[in-house]
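Since the structure comes first, as structure tokens, the remarks are kept for the end.
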Amino acid sequence: MVKPKLRFEAFNEELLYYKLRDIVIEKMSNGIINKQSDKITDVKHINVINMYSDNKIDIDELNFSAYDEGAVRKCNVEVGDIFLTRSSVKADGIAKANILLDDGIYVYDDHLIRIKVDENKHVPRFVNYYLASSRFRKQFIIKAKTTAFTTIGQDDIASCAGYFPRCPEQQKIADFLSSIDAIIDNYNNTIKVWEKRKKGIMQKLFSQKVRFKADDGSDFPDWKKKKLGDVFKISTETNENRYRKQNVLSVSEEYGVVNQIELLGRSFAGNDISNYKVVKTGQIIYTRSPIAIKPFGIIKIVDEEIGIVSPLYIVNDVNKDNCSLFWYYNFDTPERTNNYLKPLVRIGAKHTMNISNEEWLSGKVEVPCLTEQQKIANCLSALDDVIDNYKVTVDKWKELKKGLLQQMFV
1 MVKPKLRFEA
11 FNEELLYYKL
21 RDIVIEKMSN
31 GIINKQSDKI
41 TDVKHINVIN
51 MYSDNKIDID
61 ELNFSAYDEG
71 AVRKCNVEVG
81 DIFLTRSSVK
91 ADGIAKANIL
101 LDDGIYVYDD
111 HLIRIKVDEN
121 KHVPRFVNYY
131 LASSRFRKQF
141 IIKAKTTAFT
151 TIGQDDIASC
161 AGYFPRCPEQ
171 QKIADFLSSI
181 DAIIDNYNNT
191 IKVWEKRKKG
201 IMQKLFSQKV
211 RFKADDGSDF
221 PDWKKKKLGD
231 VFKISTETNE
241 NRYRKQNVLS
251 VSEEYGVVNQ
261 IELLGRSFAG
271 NDISNYKVVK
281 TGQIIYTRSP
291 IAIKPFGIIK
301 IVDEEIGIVS
311 PLYIVNDVNK
321 DNCSLFWYYN
331 FDTPERTNNY
341 LKPLVRIGAK
351 HTMNISNEEW
361 LSGKVEVPCL
371 TEQQKIANCL
381 SALDDVIDNY
391 KVTVDKWKEL
401 KKGLLQQMFV
């Protein structure tokens, strides 16, 4: 008899083997092409990106749709519906599932496959958790087809199978795992509160609405307007033959300056990396790579990683009488990064960022004295420590949940 490693004592019935096609009340189906509205409408569009929010689809993150009632009726989206991605850049991203638990009027994307669970025999929340277990993840990856993208079809998903307990046990498992998700949500909400608090403090500090005092209680001198070139000096140190591809770093908005292989799974550097730029702790890097919230590029500090970066990056030493961490925070928010870069960057064909080293250093910045810079940096760093500690706690709860998924499902 097949049984999980962890099971509630009240349940000892034999598990039943079902293919996913056997637990649905209608054939799995794809959605419709995204028809986004630039106005607020009654209809919201469930998209691929919404599969990556924790434990359920976050309806506050959904875009408004321009579709009418006919499309809504065709999609027939209901609470308890489960959606899976049918294409992914990476194989391990295929058939990523999420469940809708909030009332509303919805359509869903044609890059998603919808599962409508027979709720007379199965609990949708349990099924959603089960689809995230290693048993189903392995089946999805095996059945997927990989060319330029990894794809999976409705029949492939429908043929995947697992061992299901009866409804009462499914409900018990779903309630238990949901209680863990509630704890994770609570910590995530706390993180959002601290991040909002930090953002407000940053706005007041950098607008000089709030000023620190010197240790003797006196006022710090007025901030001076200078060119960035008075604060930064571009580093010209190149790799030659000191570092290997394993030491190539990338710049990420979310993670900062990190090892490229650890971030992206492989190195994208060519065979000759002799002209790659050496980076060291405390330096500031500007990348000309646009992202949605920072369309003119990203500015990050080199924290602990030491290695090399693409020659396309601008690597900066921070001049004497300046604090690297202050200048990292100065450019940390999208508003401050974009306000500095927008007048300097010329956007070329294919959205390339055209800005020379000289132009990069030519913009004006407001510069406090070193001691005030350090006080501001220490304040914001302390807030980051609080946020990071909560994030560590969230990661521990997620690891616990991952272990439970492995042991409560077979």
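Numbering (UniProt numbering), first residue to last: 1 to 410.
Ideal Cβ positions, reconstructed from N, Cα and C, are used throughout, including at glycine.
Since the model is a prediction, treat every value here as computed from it, not as a measurement.
The beta carbon of N63 sits closer than 6 angstroms to those of Q36 and H45, all from its chain and outside the five residues before and after it, given in chain order. CA-CA distance, V127 to E399, rounds to 20 angstroms. Taking the CA atoms as reference points, N50 sits about 24 angstroms from H122. The criterion of a C-beta distance shorter than 8 angstroms is satisfied by E305 and N259. Here L370 has D321, N322 and C323 as same chain residues with Cβ atoms under 7 angstroms from its own Cβ, once five neighbours each way along the sequence are excluded.
Around the Cβ of T337, a 10 Å sphere holds 16 or more other Cβ atoms; the residue is buried.
Looking at the DSSP output, F83 shares a beta bridge with N98 and R114. Excluding sequence positions up to five before and after D81, its CB lies within less than 6 angstroms of the CB of L100, R114 and K116, all in the same chain and listed in chain order.
Residue K56 holds the alpha-carbon nearest to the alpha-carbon of D102 among K56, L312, R135 and D109.
By the CB criterion at 8 angstroms, G229 and L361 fall inside the cutoff.
The Cβ-Cβ distance between C160 and L16 does not fall below 8 angstroms. CA-CA distance, T85 to S134, rounds to 17 angstroms. Of the residues G104, L112 and G93, the one whose Cα lies closest to the Cα of I142 is G93.
Between the C-alpha atoms of E9 and R244 there is a straight-line separation of about 55 angstroms. Remark: C-beta atoms of Y329 and A377 approach each other more closely than 8 angstroms.
In this structure I298 touches E253 by the C-beta definition: roughly 6 angstroms separates them, less than 8 angstroms. With fewer than 16 other Cβ atoms inside 10 Å of its own Cβ, L312 counts as exposed. DSSP places V279 in the uninterrupted beta strand (DSSP E) bounded by K277 to V279. A straight line joining the alpha-carbon of V251 with that of V77 spans about 39 angstroms. Within the region 129 to 189, the runs of beta strand (DSSP E) that reach at least 3 residues and sit entirely inside it are, in chain order, 161 to 164.
In the structure shown, the three-state DSSP call for M28 is coil. At least 8 angstroms separates the beta-carbon of V394 from that of Y129. By alpha-carbon distance to T41, the top candidate from A66, K224 and F232 is A66.
Taken through DSSP and simplified to helix, strand or coil, I308 comes out as strand. Within the DSSP bridge table, the entry for E366 names K225 as partners.
Secondary structure at T238: strand, using DSSP grouped into helix, strand and coil. By DSSP's assignment, Q36 forms a beta bridge with S65. In this structure, P4 sits near M408, with a CB-CB distance shorter than 8 angstroms.
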